[in-house]
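Notes follow once the structure below has been shown.
Residue numbers (my numbering), protein chains in the order written: chain A, 1247 to 1402; chain B, 3 to 718.
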């Protein structure tokens, strides 16, 4: 066991855990942030994506101890003063989810993309989502939701 | 309204609706939301019939013993069953509340108007609210199935855009799924599965067992059922991995590795003729020679491999055994049948078992949900007093879920000189789709629950009986909607196939419609008739024709096709009585032999539309999932077990192959609801196969249409 310090959604947390524990277990079980989902534990599906220093990062394999001193943002941290972010609003307005298990990861991927590139073209959007799997077939709604944000100025 | 099994089982209005002191209306249903937005549709129906704003409607998560028993959420039946029941219940409640209001206000009921649950008497200042009238008391009356429902022309809520229930919580990451549950003292658990179905636990090294308990994990063992539980999830994950590697497994003979498509048509089987969608307990007639009027006879065999549900979130459940009672939180699609099965399997009284539905990841049928609930139950019974959150791993889900069976379809048909089909024969070969939990006489029920087969003195595997219901099991949509003379249809339930199978979205319909719609194009070409016209010539149902026409028109059927691309179309009515769906596709086969989808038109008629966006999502999502099955998917295995154990070995559709999709929905405000969740799947495979042929001249008859399959076809 070791003490590690994690800065998540603007707050610093001291956590006791096996330093090899993948980040997602610490987020979900110790910090009660269940937005990131465990989908494969193999970095193959994207359901566990979070932002680390603004970069799209999968949290299901890499150890929590690797993220010491990093700024982590989970899907819960995207809302500002209780209001969903532009990307989140667009997902709601376009109905860009069915079961919703992959959705948080997709919201994170879209946010990471738009933060860097507010005017991505279609190929850039698809490339940014390439690691993400959706089984219900909400892909087209997700693309429309991102397009809606882009049309609105690209502010994620 | 149509006859309602839902209302026959739960006639009391209080089973369906309760009005809280705060004015919120709680709707109870036995149908669970699995991402198909049934709760949003039910909320719209209730809001409309009750004249209450939709923001005041809640849909209860189904709990055994409390909510109505509506069987399994399956077969695209939820709108026809729960939708109609909730509509009748809401109309009954509205009428009853109006009558109470008239008495309470001392006015004639004809003077009353309702606005968002406030009842006012016209021309007076007299009013009373639903919650005042309900006064936290039960209604104490039965639902009147014939209660007058609103004229769709007067709708104020249905038809307006609405936000999907639960979507805001999902998008903002609030707890929603069973995997997100947290309870005081909860332990995280993992099951250690054998390497394959036939392997059994021979021995467990004492040192490994000791190391497991030293790492703070509790070991649960019952025969070959092996599990670990720990306060710390990662400790349970590591302990399970260690046990899997170090346990001594008796591997037995392994899985039968012979070519499954050969086995499908050569193994022992139960063969039954199917007439009007219904299997007959009669001998199968041999195929007759073509009639005299035939100018041409074609035959072809189509094939589909095993497919998996492939839920993105592996199955999970929470279970708590306390005071001789067992409570389970599960994403099962049938909490009542699961409870009955568990009662039988565990020898517990039904009233000592409670199952709450909590959403899981999209399931599309009988995935690992029910088995995970049983796993959790077994662990909880071994560690009483502690809530157990059991999660399957990705590998558990890929290797142990019950798959959709591989299938083969043999078709033979003759056309006359006018291009009319004068004889049609189809034989379909498949394993069962019917292994959901169900209590059965003779103790056969527990064999339907995977973990029961691995306990000490485990149950023997069940040999399933042929499903005799209309358009069910492997013969779903075996009978085409087209008007054909001399139809010969046969279902073959094949024995001794190697993999575990059960219900996946559409059951047999996906492959049957793939075969029918591919063959229709082969016949149309033989007759020299355009595929749309050829289908129209064999359709009588105007709604079917309208849907086919709508898809063709939307894609621009008949307009010039861009260079290098091809178009295909296909049609079916689900079970020949539910939603109509036509799919038109424009795609190319590129220089890497990949199928790239460009434009898609979907057309549907699902009767009266309640939630337009939700219905569109069912058509779009159904198309994309079926396109994934068609182009990419195949469960693989060898003697050592399942070899498609992750997303690299079982690839599915990604964002790089998502076409533009236009969906045309034909609303029928004065017709009943038609179940729509599965309608588009079969036509999708047919349309893609036909478009590949149109684009590349390759008639692909075995899915998936991978680059390897396309190259192999091109070499022939």
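No residue lacks a Cβ here, since even glycine has one placed at the ideal position from N, Cα and C.
- Counting other Cβ atoms within 10 Å of its Cβ, residue 316 of chain B reaches 16 or more and is therefore classed as buried.
- By the Cβ neighbour-count rule, residue 544 of chain B is exposed, with fewer than 16 other Cβ atoms within 10 Å of its own.
- Contact annotation for residue 174 of chain B against chain A: 1281, 1321, 1322, 1324, 1325, 1330 and 1334 [CB-CB distance below 8 Å, chain order].
- Annotation: residue 614 of chain B is outside any beta strand (DSSP E); the continuous alpha helix (DSSP H) that includes it extends over 614-634.
- Around residue 1379 of chain A, the same chain offers 1291, 1292 and 1348 as residues with beta carbons nearer than 7 Å, after the five sequence neighbours per side are excluded.
- Put simply, of B:471, B:587 and B:645 the residue whose alpha carbon is nearest the alpha carbon of residue 256 of chain B is B:645.
- Rounded to the nearest angstrom, the Cβ distance from residue 430 of chain B to residue 494 of chain B is 7 Å, consistent with a contact under 8 Å.
- For residue 1314 of chain A, the nearest beta carbon of chain B is not closer than 9 Å to its own beta carbon.
- For residue 1385 of chain A, the chain B residues whose Cβ falls inside 7 Å of its Cβ are 626, 657 and 660, in order along the chain.
- Within a 10 Å sphere around the beta-carbon of residue 686 of chain B sit 16 or more other beta-carbons, which makes this residue buried.
- Rounded to the nearest angstrom, the gap between the Cα atoms of residue 647 of chain B and residue 223 of chain B is 24 Å.
- Less than 9 Å separates the beta-carbon of residue 409 of chain B from that of residue 510 of chain B.
- Taking a cut-off of 8 Å on C-beta distances, the stretch 473-486 of chain B does not touch the stretch 387-397 of chain B, as fewer than three cross pairs fall below it.
- Residue 19 of chain B sits away from residue 179 of chain B, with the two beta carbons spaced by 9 Å or more.
- Just so you know, the alpha carbons of residue 1352 of chain A and residue 360 of chain B end up roughly 22 Å apart.
- When rounded, the separation of the alpha-carbon atoms in residue 204 of chain B and residue 385 of chain B is 24 Å.
- Assignment of residue 296 of chain B by DSSP, reduced to helix, strand and coil, places it in the coil class.
- Of the candidates A:1285, A:1309, A:1266 and A:1262, A:1262 places its Cα closest to the Cα of residue 1277 of chain A.
- Comparing C-alpha distances from residue 161 of chain B to each of B:117, B:99, B:109 and B:49 shows the shortest one belongs to B:49.
- In this structure, the straight-line span from the alpha carbon of residue 41 of chain B to that of residue 269 of chain B is close to 44 Å.
- Under the rule that a run must span 3 or more residues, the beta strand (DSSP E) segments found entirely inside the stretch 266-321 of chain B read 271-277 and 298-306.
- Per DSSP, residue 98 of chain B is one residue of the alpha helix (DSSP H) stretching across 86-107.
- Between residue 439 of chain B and residue 298 of chain B, the gap from beta carbon to beta carbon reaches 9 Å or more.
- Interface annotation, residue 1259 of chain A: not in contact with chain B, CB-CB separation never under 9 Å.
- Here residue 1274 of chain A is buried. Its C-beta has 16 or more other C-beta atoms within 10 Å.
- Residue 604 of chain B has its alpha-carbon roughly 36 Å from the corresponding atom of residue 65 of chain B.
- The alpha-carbon separation between residue 352 of chain B and residue 346 of chain B amounts to approximately 9 Å.
- The beta-carbon of residue 1307 of chain A is placed no less than 9 Å from the nearest beta-carbon of chain B.
- Leaving aside the five residues that flank residue 377 of chain B on each side, the residues in its chain whose CB is nearer than 6 Å to its CB run, in chain order, 193, 392 and 453.
- Chain order gives the chain A residues near residue 169 of chain B as 1337, 1338, 1341, 1342, 1343, 1346 and 1349, where near means a beta carbon separation below 9 Å.
- Among the residues of chain B, those whose CB is under 7 Å from the CB of residue 1275 of chain A are 235, following chain order.
- Against chain B, the CB of residue 1300 of chain A has no partner CB under 9 Å away; the residue lies outside that interface.
- When the five nearest sequence neighbours on each side are left out, the beta carbons in the same chain lying within less than 8 Å of the beta carbon of residue 457 of chain B are those of 224, 225, 226, 227 and 380, in order along the chain.
- Annotated as proximal: residue 33 of chain B and residue 75 of chain B, with beta-carbon spacing under 9 Å.
- The beta carbons of residue 136 of chain B and residue 9 of chain B sit about 21 Å from each other, so the pair does not count as a contact at 8 Å.
- Scanning its chain for C-beta atoms nearer than 8 Å, with the 5 sequence neighbours on each side dropped, one finds around residue 111 of chain B the residues 100, 101, 103 and 104, in chain order.
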